[in-house]
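Engineer: Sequence order for the protein chains is A and B. Counting in this note's numbering, the first sequence runs from 779 upward without gaps. Counting in this note's numbering, the second sequence runs from 858 upward without gaps. All C-beta atoms, glycine included, are put in the ideal place defined by N, C-alpha and C. Okay, here's the structure, questions in a sec.
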Amino acid sequence: MQRIFTIWMFSLLMAGACSSAVGDNLFVVCHAGVALAAADVRDVFLGEMQFFNTMRLVPVDNIEAQADFLDKVLRMSAGRYATTWAKKSFRDGINPPAALANDAAVLEFIKRTSGGCGYLAIAPPEGATVIAKY
Amino acid sequence: MKRATDKLIALQFLAVVLPIAVVLLVQMAADARRAARLEHSRPLRILASEARANYKTFTNGAADAVDTGTLGAQSVKALQTAAARLTELADHGEAAVVGDAESVVKDLAATLPKGATLSTLISLRSRIIESDTLTKAVDDEFERRDEFVVKDAIASAVYQKRAVTGALIITAILTVLFVLATRRRLKARLEADISAERERSRQAGMAEIATNVLHNVGNVLNSVNISASIVTDRVRKPRSAGLGKVAALLQEQAADLVGFVANDERAKHLPVYLAQLAEHLARDQEVTLKELDLLRKNIDHIKEIVSMQQSYSKLVGVPERLAVANLVDDALRMNAGSFTRHGVNLKCEFEDVPEIVVEKHKVLQILVNLLRNARYACEASGKPDKEVVMRIAKQAAGVQIAVIDNGIGIQPDHMTRIFSHGFTTKKDGHGFGLHSGALAARDLGGALHVHSAGAGQGATFTLDLPFKSPEAIYD
Chain A
779 MQRIFTIWMF
789 SLLMAGACSS
799 AVGDNLFVVC
809 HAGVALAAAD
819 VRDVFLGEMQ
829 FFNTMRLVPV
839 DNIEAQADFL
849 DKVLRMSAGR
859 YATTWAKKSF
869 RDGINPPAAL
879 ANDAAVLEFI
889 KRTSGGCGYL
899 AIAPPEGATV
909 IAKY
Chain B
858 MKRATDKLIA
868 LQFLAVVLPI
878 AVVLLVQMAA
888 DARRAARLEH
898 SRPLRILASE
908 ARANYKTFTN
918 GAADAVDTGT
928 LGAQSVKALQ
938 TAAARLTELA
948 DHGEAAVVGD
958 AESVVKDLAA
968 TLPKGATLST
978 LISLRSRIIE
988 SDTLTKAVDD
998 EFERRDEFVV
1008 KDAIASAVYQ
1018 KRAVTGALII
1028 TAILTVLFVL
1038 ATRRRLKARL
1048 EADISAERER
1058 SRQAGMAEIA
1068 TNVLHNVGNV
1078 LNSVNISASI
1088 VTDRVRKPRS
1098 AGLGKVAALL
1108 QEQAADLVGF
1118 VANDERAKHL
1128 PVYLAQLAEH
1138 LARDQEVTLK
1148 ELDLLRKNID
1158 HIKEIVSMQQ
1168 SYSKLVGVPE
1178 RLAVANLVDD
1188 ALRMNAGSFT
1198 RHGVNLKCEF
1208 EDVPEIVVEK
1218 HKVLQILVNL
1228 LRNARYACEA
1238 SGKPDKEVVM
1248 RIAKQAAGVQ
1258 IAVIDNGIGI
1268 QPDHMTRIFS
1278 HGFTTKKDGH
1288 GFGLHSGALA
1298 ARDLGGALHV
1308 HSAGAGQGAT
1318 FTLDLPFKSP
1328 EAIYD
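In structure tokens, the structure reads:
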């Protein structure tokens, strides 16, 4: 079991390393109707803010852009992010954000999931709800 | 009547008590039901709460394991306790509520018998989170049940308030209806009573008027009888019989009437006889005319008594301006025969007084009564020197007529009752004369008083009359 945790941590680190090479811009986007403020982004991705009005928020990680996101938005390491979520999930009984492979998967998820929020390394398409740009 | 009133009061009491009693009984039943439900749910709620608290102890321990690397024994024990509480809940018949929570937590406890490393916990994270959701759902369900009971109690209190308010409104309406019904019933009864009382009063009034008429007419009828007797005596013993004899003698001597007058001794007495006869006839005529005049006055008085009594109902009188001495003379004449027959000496002491405006026959009624009583008192005393003094005196605001006798007098304890209706000391009396006299005096704006030094000391009745009676003031 310890091995699984190590692999999970490694994959997070590797994803961060890969994504840092993708580009300089980072866009936080949400499902239409989720009008979050830029200041809410950190709380949403650390499980502190789980609802927008009555809508349950569903944050997802983007493996390709995660390192950039952790660095620019959450300002924490991948290890710290993983342990924070481990504690959060045990204490509060909530799951950490699902990790999707790339921008396209994130975009697709946000498009079809009510309350979905994610971040992209590429500019979002026309009409997407952009919460913040880093 | 009393039974009907008691029934009404009982109905009113029921109207007030029943609605409130029904509401209270319903509420007591509801309270008992809630108490039973709470009694049943409370231990289950405690079990669910303990299961949840122990599971949270376990998850906190798991969270701590992120820092420490291992799950402590206390956390494992808490997990096992949570599983045991869920099992107890299922055993208490709450399996439907517990659902999968028991098996999932139990499996988790079996997987972590003595503790675990962080990696083990990470690998079990989805099950830990699932168990967390399930134990929370169980705890929430029992909490919801308690909340439901509390909400039910609050709703019941609100309902109770409305019901009591409704009961009070119904009670108030019923009370008002009962009060109105009672008032209507009492009013109808009162009106019936008043009507009956009015009828009784009317009959009593009619009886009093009839008694008054009979009494006063009876007084006058005595004088009428005396006058009628005198006239009858005069008619029965006609002095004209002698005149017939003279006429027959003259007819016998018709052939030689001159010789008869010149030579017959009987003819010599004829002129004296005829002169005396004429004188007697003239005196008889005078007495008869006087008695007939008195008779006419008495009959007029009877007529006036009757018409006066008739006018009582209309409260109408006819005041006249009269000389008081004439009024008193009339009253004396009506009783003169009676005084003479009973040997009562009558003395008059009249002052000069102004004329008064008064209803003549009311005053006559009073005076005739007083004189008759005075004559009776003198007669009853048996004294040889029976005397009645009739006195007229001027007062500041009117005239005083006093009838003073030296008869049997009045006992002190009779003084206060002497004008009361029905009070009399005469064997054949009715106790009406002085009573009606006092009322008549009051009607005239005056007053009738009595004074006596006691039994055997005689009595003085005084009639005070104003110069103008109240009826005349408005003329």
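1) If you reduce the DSSP assignment to three classes, tell me which class leucine 898(A) lands in.
2) So for glutamate 904(A), helix, strand or coil by DSSP?
3) For glutamate 1048(B) versus isoleucine 1087(B), is the C-beta spacing smaller than 7 Å?
4) Helix, strand or coil for leucine 885(A) per DSSP?
5) Classify glutamine 931(B) as helix, strand or coil using the three-state DSSP reduction.
6) Where does asparagine 840(A) fall in DSSP's three states?
7) Please go through the same chain and pick out, in chain order, the residues whose beta-carbon is closer than 6 Å to the beta-carbon of histidine 1306(B), but skip the five residues on each side of it.
8) Taking 7 Å as the threshold (beta carbon to beta carbon), is alanine 872(B) in contact with chain A?
9) Could you tell me which of Glu904(A), Ala899(A), Gly905(A) sits nearest to isoleucine 841(A), measuring between CA atoms?
10) In the DSSP assignment, the alpha helix (DSSP H) including aspartate 1270(B) goes from what residue to what residue?
11) Quick one: what's got a C-beta closer than 6 Å to lysine 1325(B)'s C-beta in the same chain, skipping five residues either side?
12) Could you tell me whether the region 1184-1196 of chain B touches the region 1034-1049 of chain B, where touching means 3 or more Cβ pairs closer than 8 Å?
13) Taking alanine 994(B) as the reference, which of Thr1282(B), Val1225(B), Ser906(B), Ala878(B) has the closest Cα?
14) Which first and last residues belong to the beta strand (DSSP E) in which leucine 832(B) is found?
15) I'd like to know whether the C-beta of glycine 825(A) is nearer than 7 Å to at least one C-beta of chain B.
16) Please say whether phenylalanine 1207(B) and histidine 1249(B) have beta carbons closer to each other than 7 Å?
17) Any beta carbon from chain B within less than 7 Å of phenylalanine 868(A)'s own beta carbon?
18) Could you say if the region 1260-1267 of chain B and the region 1298-1316 of chain B meet the contact criterion of at least three C-beta pairs nearer than 8 Å?
19) Judging by CA-CA distance, which residue of Leu978(B), Leu975(B), Leu936(B) is the nearest neighbour of serine 960(B)?
20) Quick one: list the residues of chain A neighbouring aspartate 989(B), beta-carbon separation under 7 Å, in chain order.
21) Within 10 angstroms of its Cβ, does leucine 1291(B) collect 16 or more other Cβ (buried), or is it exposed?
22) Over what stretch of residues does the alpha helix (DSSP H) that includes glutamate 1244(B) continue unbroken?
23) Does arginine 942(B) have its Cβ less than 7 Å from a Cβ in chain A?
24) How many Å lie between arginine 1140(B) and leucine 1296(B) at the Cα?
25) Kindly indicate if chain A contains any beta-carbon less than 7 Å away from that of arginine 850(B).
26) Check each residue of the region 904-916 of chain B: if its Cβ is closer than 8 Å to any Cβ of chain A, include it; give the result in chain order.
27) For the region 936-947 of chain B against the region 900-914 of chain B, are there 3 or more C-beta pairs whose distance is under 8 Å?
28) Measure from the alpha carbon of valine 1144(B) to the alpha carbon of each residue in Ile1223(B), Gly1023(B), Val1092(B), Gly1099(B), then state which is nearest.
29) Could you give the distance in angstroms between the alpha-carbon of leucine 1224(B) and the alpha-carbon of asparagine 1073(B)?
30) Is the region 1234-1252 of chain B in contact with the region 1174-1192 of chain B, if contact means three or more CB pairs nearer than 8 Å?
31) Would you tell me roughly how many angstroms separate the C-alpha atoms of lysine 1008(B) and threonine 992(B), rounded to the nearest one?
32) Please return the same chain residues whose Cβ sits closer than 8 Å to the Cβ of glutamate 896(B), not counting the five positions on each side in sequence.
33) Check for me: the alpha helix (DSSP H) holding glutamine 1108(B) runs from which residue to which?
34) Can you find a C-beta in chain B that's less than 7 Å from the C-beta of alanine 864(A)?
35) For valine 923(B) and threonine 861(A), which I take to be in contact (beta-carbon distance under 8 Å), what is that distance rounded to the nearest angstrom?
36) How about leucine 835(A) and glutamine 844(A): do their beta carbons lie closer than 7 Å?
Structural biologist: Working from what's here:
1) Here residue 898(A) corresponds to residue number 120 of the first sequence, with the count starting at 1. Strand at leucine 898(A).
2) For this step, residue 904(A) is matched to residue 126 along the first sequence. Reduced to three states, the DSSP call for glutamate 904(A) is coil.
3) The count along the second sequence starts at 1 and reaches residue 1048(B) at position 191. The count along the second sequence starts at 1 and reaches residue 1087(B) at position 230. Against a cut-off of 7 Å, the Cβ pair of isoleucine 1087(B) and glutamate 1048(B) comes out as no contact.
4) In the first sequence, residue 885(A) corresponds to position 107, counting from 1. DSSP places leucine 885(A) in helix when its eight states are reduced to three.
5) As a working note, residue 931(B) is residue 74 in the second sequence. DSSP places glutamine 931(B) in helix when its eight states are reduced to three.
6) Stepping through the first sequence from its first residue, residue 840(A) is reached at position 62. Here asparagine 840(A) sits in strand by DSSP.
7) As a working mapping, residue 1306(B) is identified with position 449 in the second sequence. Cβ within range, chain order: Thr1319.
8) Translated into positions along the second sequence, residue 872(B) becomes position 15. Chain A contact via Cβ: absent.
9) To locate residue 841(A), count along the first sequence from 1; it is residue 63. Taking only the C-alpha atoms, the option nearest isoleucine 841(A) is Ala899(A).
10) As a working mapping, residue 1270(B) is identified with position 413 in the second sequence. Note, aspartate 1270(B): alpha helix (DSSP H), 1269-1272.
11) On the second sequence, residue 1325(B) is found 468 positions in, with the first residue counted as 1. Here the set comprises Val1214.
12) Touching, no, given that fewer than three Cβ pairs across the two stretches are closer than 8 Å.
13) Residue 994(B) sits at position 137 when you count from the first residue of the second sequence. Checking every option, the nearest Cα to that of alanine 994(B) belongs to Ser906(B).
14) The structure shown does not extend to residue 832(B), since chain B is modelled only from 858 to 1332, so the question has no answer here.
15) Looking up residue 825(A) in the first sequence gives position 47. Answer no: the Cβ-Cβ gap between glycine 825(A) and chain B never drops below 7 Å.
16) Stepping through the second sequence from its first residue, residue 1249(B) is reached at position 392. Stepping through the second sequence from its first residue, residue 1207(B) is reached at position 350. At residue 1249(B) the sequence reads isoleucine, which differs from the histidine that was named. Going by C-beta atoms, isoleucine 1249(B) is nearer than 7 Å to phenylalanine 1207(B).
17) Looking up residue 868(A) in the first sequence gives position 90. Taking Cβ atoms only, chain B reaches closer than 7 Å to phenylalanine 868(A), which makes this a yes.
18) yes
19) Taking the first residue of the second sequence as position 1, residue 960(B) is located at position 103. Nearest C-alpha to serine 960(B): Leu936(B).
20) Here residue 989(B) refers to the residue found at position 132 when the second sequence is read from its first residue. Result: Gly871.
21) As a working mapping, residue 1291(B) is identified with position 434 in the second sequence. By the neighbour-count rule (16 or more Cβ atoms within 10 Å), leucine 1291(B) is buried.
22) For the purposes of this step, residue 1244(B) is taken as residue 387 along the second sequence, with counting starting at 1. No alpha helix (DSSP H) holds glutamate 1244(B); the beta strand (DSSP E) holding it covers 1244-1251.
23) To locate residue 942(B), count along the second sequence from 1; it is residue 85. Residue-level contact check: arginine 942(B) does not touch chain A, since none of the beta carbons of chain A fall below 7 Å from its beta carbon.
24) Taking the first residue of the second sequence as 1, we reach residue 1140(B) at position 283. Taking the first residue of the second sequence as 1, we reach residue 1296(B) at position 439. Near 43 Å, if we compare the C-alpha coordinates of leucine 1296(B) and arginine 1140(B).
25) Only positions 858 to 1332 of chain B appear in the structure, and residue 850(B) is not among them; the question remains open.
26) Answer in chain order: Thr916.
27) yes
28) Counting from one through the second sequence, the residue named residue 1144(B) turns up at place 287. The option with the nearest alpha carbon to valine 1144(B) is Val1092(B).
29) In the second sequence, counting from the first residue as 1, residue 1224(B) sits at position 367. In the second sequence, counting from the first residue as 1, residue 1073(B) sits at position 216. Linking leucine 1224(B) to asparagine 1073(B) through their CA atoms gives a straight-line distance of about 11 Å.
30) yes
31) As a first step, residue 1008(B) must be located in the second sequence, where it is residue number 151. As a first step, residue 992(B) must be located in the second sequence, where it is residue number 135. Distance between lysine 1008(B) and threonine 992(B), taken at the CA atoms: about 24 Å.
32) Residue 896(B) sits at position 39 when you count from the first residue of the second sequence. Answer for glutamate 896(B): no residue qualifies.
33) Locating residue 1108(B) in the second sequence gives position 251, counting from the first residue. It spans 1097-1109 - the alpha helix (DSSP H) in which glutamine 1108(B) sits, taken as one unbroken run.
34) One-based indexing of the first sequence puts residue 864(A) at position 86. Chain B contact via Cβ: present.
35) By 1-based counting over the second sequence, the position of residue 923(B) is 66. By 1-based counting over the first sequence, the position of residue 861(A) is 83. About 5 Å separates the two Cβ atoms, so the contact holds.
36) As a position in the first sequence, residue 835(A) is number 57, starting the count at 1. As a position in the first sequence, residue 844(A) is number 66, starting the count at 1. It is not a contact, given that the beta carbons lie outside the stated cut-off.
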